[in-house]
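Engineer: The sequence shown begins at 4 in this note's numbering and counts up one residue at a time.
Every residue gets a Cβ at the ideal spot worked out from N, C-alpha and C, and that includes glycine.
Have a look at the structure that comes next, please.
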Amino acid sequence: MTHEESPGSQINGASRFDAVIVGAGFAGMYMLHRLRALGLSVRVFETGDGVGGTWYWNRYPGARCDVESLEYQYGFSDDIQREWDWTERYAAQPEILRYQNYVADKLDLRKDIQFSTRVTSADYDARSGEWTVETDRGDHVQTRFCIMATGCLSAARIPDFPGVRDFEGETYHTGAWPHEGVDFTGKRVGVIGTGSSGIQSTPIIAEQASHLTVFQRTANFTLPAGNRPLSPEEVRKSKETLLADREHARQTPGGLICFEYNEALAEEMTPEAREKELSDRWTQGGFAFLGSYGDIMATPEANDIAADFARAQMRAVIKDPAIVDILLPDDHPVGVKRLCLDTHYLETFNLPHVDIVDVRAAPIERISRSGIVSGGREYEVDAIVFATGFDAMTGAILGVDITGRDGMKLRDKWAAGPRTYLGLGSAGFPNLFFITGPGSPSVLSNMIVSIEQHVDWITDCLSRLTSGNIRSIEATPDAEDQWVAHVNELAGETLYPQANSWYMGANIPGKPRVFMPYTGGVDVYGQKLDEVAQADYEGFRLGA
Numbered sequence: 004m005t006h007e008e009s010p011g012s013q014i015n016g017a018s019r020f021d022a023v024i025v026g027a028g029f030a031g032m033y034m035l036h037r038l039r040a041l042g043l044s045v046r047v048f049e050t051g052d053g054v055g056g057t058w059y060w061n062r063y064p065g066a067r068c069d070v071e072s073l074e075y076q077y078g079f080s081d082d083i084q085r086e087w088d089w090t091e092r093y094a095a096q097p098e099i100l101r102y103q104n105y106v107a108d109k110l111d112l113r114k115d116i117q118f119s120t121r122v123t124s125a126d127y128d129a130r131s132g133e134w135t136v137e138t139d140r141g142d143h144v145q146t147r148f149c150i151m152a153t154g155c156l157s158a159a160r161i162p163d164f165p166g167v168r169d170f171e172g173e174t175y176h177t178g179a180w181p182h183e184g185v186d187f188t189g190k191r192v193g194v195i196g197t198g199s200s201g202i203q204s205t206p207i208i209a210e211q212a213s214h215l216t217v218f219q220r221t222a223n224f225t226l227p228a229g230n231r232p233l234s235p236e237e238v239r240k241s242k243e244t245l246l247a248d249r250e251h252a253r254q255t256p257g258g259l260i261c262f263e264y265n266e267a268l269a270e271e272m273t274p275e276a277r278e279k280e281l282s283d284r285w286t287q288g289g290f291a292f293l294g295s296y297g298d299i300m301a302t303p304e305a306n307d308i309a310a311d312f313a314r315a316q317m318r319a320v321i322k323d324p325a326i327v328d329i330l331l332p333d334d335h336p337v338g339v340k341r342l343c344l345d346t347h348y349l350e351t352f353n354l355p356h357v358d359i360v361d362v363r364a365a366p367i368e369r370i371s372r373s374g375i376v377s378g379g380r381e382y383e384v385d386a387i388v389f390a391t392g393f394d395a396m397t398g399a400i401l402g403v404d405i406t407g408r409d410g411m412k413l414r415d416k417w418a419a420g421p422r423t424y425l426g427l428g429s430a431g432f433p434n435l436f437f438i439t440g441p442g443s444p445s446v447l448s449n450m451i452v453s454i455e456q457h458v459d460w461i462t463d464c465l466s467r468l469t470s471g472n473i474r475s476i477e478a479t480p481d482a483e484d485q486w487v488a489h490v491n492e493l494a495g496e497t498l499y500p501q502a503n504s505w506y507m508g509a510n511i512p513g514k515p516r517v518f519m520p521y522t523g524g525v526d527v528y529g530q531k532l533d534e535v536a537q538a539d540y541e542g543f544r545l546g547a
């Protein structure tokens with residue numbers, strides 16, 4: 004039967020679908036589209052009241068993608084891309100959300116999505132080979148396949164400062180911004196956090212606020228995004244080449260073709276050549292800077308050259324020497340934390356009504372009724388913006404109470420760090436799939452490319468299972484152990500583990516410090532996916 008003929012049958016009062024997808028962002032939308040084409044009955048559960056995932060929730064001022072919009076779009080349909088025109092080099096949140104709604108309309112996706120519904124649990128029954136999925140609205144759904152399309156940056160980190168509930172002003176989190184927007188005109192505002200959301204929102208909040216105080220724990224490397232309107236010629240040309248460009252992107256380490264990676268090592272280049280390469284890429288904007296030479300993320304010596312260059316460029320923008328000392332990062336290599344792209348962020352601190360507080364020197368002690376107490380001083384504010392980030396990669400997955408074979412809880416299994424095979428599945432949890440899960444390139448790549456890579460693999464896998472009357476697929480413990488060791492080994496060959504980043508879970512108190520993404524690159528990872536599938540899903544156990 005097709006999904007039109009069978010939207011879901013009733014079993015003991017519970018609906019049944021061939022597949023349940025959790026999340027209706029880029030991953031969930033494409034997964035739904037592919038599975039409907041297989042003729043499977045599918046239900047998507049989405050917490051928000053519309054599609055979009057990360058881009059539905061992150062509506063803070065200045066929210067913008069750090070991947071160029073011509074590459075941050077689906078590459079599976081020529082028809083879809085030819086009817087959509089991007090307006091800026093780096094699309095802002097409203098434009099990205101409009102694009103997602105356009106795709107949802109184009110593919111008629113909403114009829115299989117249940118909005119305003121949070122999945123609370125998923126339990127596997129070995130006898131029936133089915134998952135029972137429950138929601139906060141009382142749904143009890145049985146399904147053969149459960150697919151987590153929950154996103155890597157979707158579980159907002161709620162601040163736990165003492166006294167936060169005592170504050171008598173307004174509080175906001177960048178990851179759960181009011182849809183109607185916020186007007187800070189004439190208000191004293193405190194922004195806590197200087198990751199991407201803090202760096203993007205600060206200049207715009209400063210335009211409105213009567214006074215802005217930014218509370219920074221860690222200075223981050225940030226460089227001008229170089230955002231600008233796209234020319235009609237750029238948009239036209241991209242439409243002619245997108246599908247071929249997407250195939251090309253899958254053969255690159257980062258899933259990006261907007262710049263070339265320089266494979267020469269730093270020591271093989273003259274100082275003048277290195278300087279020119281760094282300067283040209285800094286001017287170009289975006290992640291091109293990290294492709295300046297081949298060992299920039301591999302050795303401290305090579306990285307120091309790029310880091311010193313970046314600090315010099317940042318220093319030149321800041322007028323107050325005392326603020327320079329706070330804003331320039333000096334405790335981690337460049338690129339090991341997510342490189343931030345900004346629009347006039349550093350220049351904002353040249354304004355007389357903008358201050359910065361180094362909370363490493365003066366830790367935030369508590370939130371008072373009238374402001375933020377840091378280093379024994381109270382900063383009175385009318386509104387607080389928590390730009391405190393996300394419980395990345397695992398937070399949204401473990402936010403669902405997932406129970407696998409023999410009563411095993413996924414959160415217990417992952418207590419010391421996530422364990423997956425290929426980032427796609429975890430031993431002991433049959434027919435449970437993660438899209439861009441820990442152990443895959445995910446956040447180190449163009450997420451759209453990695454999403455399509457995973458969705459296509461899962462679709463082919465489910466086609467094989469259903470056509471071959473194969474009951475289940477499950478990662479084997481040995482394959483999982485080897486993959487986890489491989490991911491850790493590759494990460495250890497880079498500089499990434501040298502920073503307390505959200506890649507490591509270091510922004511979440513009590514979370515295990517484990518480097519979660521796969522550093523081998525989208526291209527190498529894709530080859531591994533193909534090899535596993537061609538070898539009859541080597542590393543997975545297929546149940547009859």
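1) Can you tell me where the alpha helix (DSSP H) holding C149 begins and where it ends?
2) Look at the Cβ atom of D394, then the Cβ atom of A159, and state whether they are nearer than 9 Å.
3) Does the beta-carbon of L349 have 16 or more other beta-carbons within 10 angstroms, so that it is buried, or is it exposed?
4) Taking the alpha-carbon of P520 as reference, which of V446, L545, L532, I451 has the nearest alpha-carbon?
5) Once you ignore the five residues that flank L100 on each side, which residues in its own chain have a CB closer than 7 Å to its CB?
6) Considering only residues of the same chain and omitting the five flanking positions on each side of C68, which have a CB-CB separation below 7 Å?
7) Given a threshold of 16 other Cβ atoms within 10 Å of its Cβ, counted over all protein chains shown, does S213 qualify as buried or as exposed?
8) Rounded to the nearest angstrom, what separates S44 and V144 at their Cα positions?
9) For A502, which option in T120, V337, T244, Y127 has the closest C-alpha, if you only look at C-alpha atoms?
10) Check whether the region 24-40 and the region 459-474 touch, using three or more Cβ-Cβ pairs below 8 Å as the test.
11) Quick one: using the 10 Å Cβ neighbour count with 16 as the cut-off for buried, is I367 buried or exposed?
12) Does the distance from the CB of L65 to the CB of P206 come in under 9 Å?
13) I believe D385 touches E173 by the beta-carbon criterion, under 8 Å. Please report the beta-carbon distance rounded to the nearest angstrom.
14) When the Cα atoms are used, what is the spatial distance from Q530 to A222?
15) Please give the ranges of any alpha helix (DSSP H) in the region 389-450, keeping only runs that are unbroken, at least 4 residues long and fully inside the region.
16) Is E7 buried or exposed, if buried means 16 or more other CB atoms sit within 10 Å of its CB?
17) Quick one: what's got a C-beta closer than 8 Å to R113's C-beta in the same chain, skipping five residues either side?
18) DSSP state of H36, grouped into three classes?
19) How do the region 70-86 and the region 234-249 stand: do at least 3 beta-carbon pairs fall below 8 Å, yes or no?
20) Mapping the DSSP letters down to three states, classify G196 as helix, strand or coil.
21) Under 8 Å, with one C-beta from each stretch per pair, do the region 432-451 and the region 408-422 reach the 3-pair mark?
22) Report yes or no: do three or more beta-carbon pairs, one from the region 287-298 and one from the region 259-267, lie closer than 8 Å?
23) On the three-pair Cβ rule with 8 Å, is the region 493-502 touching the region 300-308?
24) To the nearest angstrom, report how far apart P355 and V70 are at their CA atoms.
25) Just the C-alpha distance for T50 and D328, rounded to the nearest angstrom, thanks.
26) Do you know offhand how far L532's Cα is from L425's?
27) Which runs of the alpha helix (DSSP H) at least 4 residues long sit entirely within the region 447-527? Give them in chain order.
28) Is it buried or exposed for A310, if we count other Cβ within 10 angstroms and need 16 for buried?
29) Taking the alpha-carbon positions, what's the N491 to L38 distance?
30) I161: buried (16+ other C-beta within 10 angstroms of its C-beta) or exposed?
31) Among the candidates I438, G442, A209, whose CA atom is the shortest distance from the CA of I451?
32) Could you tell me which residues DSSP pairs with D126 in its beta bridges?
33) Per DSSP, A309 forms a beta bridge with which residues?
34) When we look at the beta-carbon of Y528 and count the other beta-carbons within 10 Å, is it buried (16 or more) or exposed?
35) According to DSSP, H176 sits in a beta bridge with which residue or residues?
36) Count the CB pairs spanning the region 119-129 and the region 137-151 that are closer than 8 Å, and state whether there are at least three.
Structural biologist: Considering the structure as presented:
1) Looking at the DSSP string, C149 is not in any alpha helix (DSSP H); the run it does join, the beta strand (DSSP E), is 143-151.
2) yes
3) buried
4) V446
5) G55, W58, Y59
6) Y75, Y93, A94, I99
7) exposed
8) 12 Å
9) V337
10) yes
11) buried
12) A quick correction: the sequence has Gly, not Leu, at residue 65. Contact check for G65 against P206 passes: the beta carbons are separated by less than 9 Å.
13) 7 Å
14) Roughly 37 Å separates the two Cα atoms.
15) Segments of the alpha helix (DSSP H) lying fully in the region 389-450: 398-401, 413-416.
16) Reliability fails at E7, whose pLDDT of 35 lies under 50, so the model's placement of it is uncertain and no value is given.
17) Cβ neighbours of R113 beyond the five flanking positions: V54, A107.
18) helix
19) yes
20) coil
21) yes
22) Remark: three or more beta-carbon pairs, one from each stretch, lie closer than 8 Å, so the region 287-298 and the region 259-267 are flagged as touching.
23) yes
24) 32 Å
25) 42 Å
26) 8 Å
27) 450-470, 480-495
28) A310 comes out buried.
29) For the pair N491 and L38, the Cα-to-Cα distance works out to about 33 Å.
30) exposed
31) I438
32) T135, T406
33) Looking at the DSSP assignment, A309 forms no beta bridge with any residue, so it has no partner.
34) buried
35) F389
36) yes
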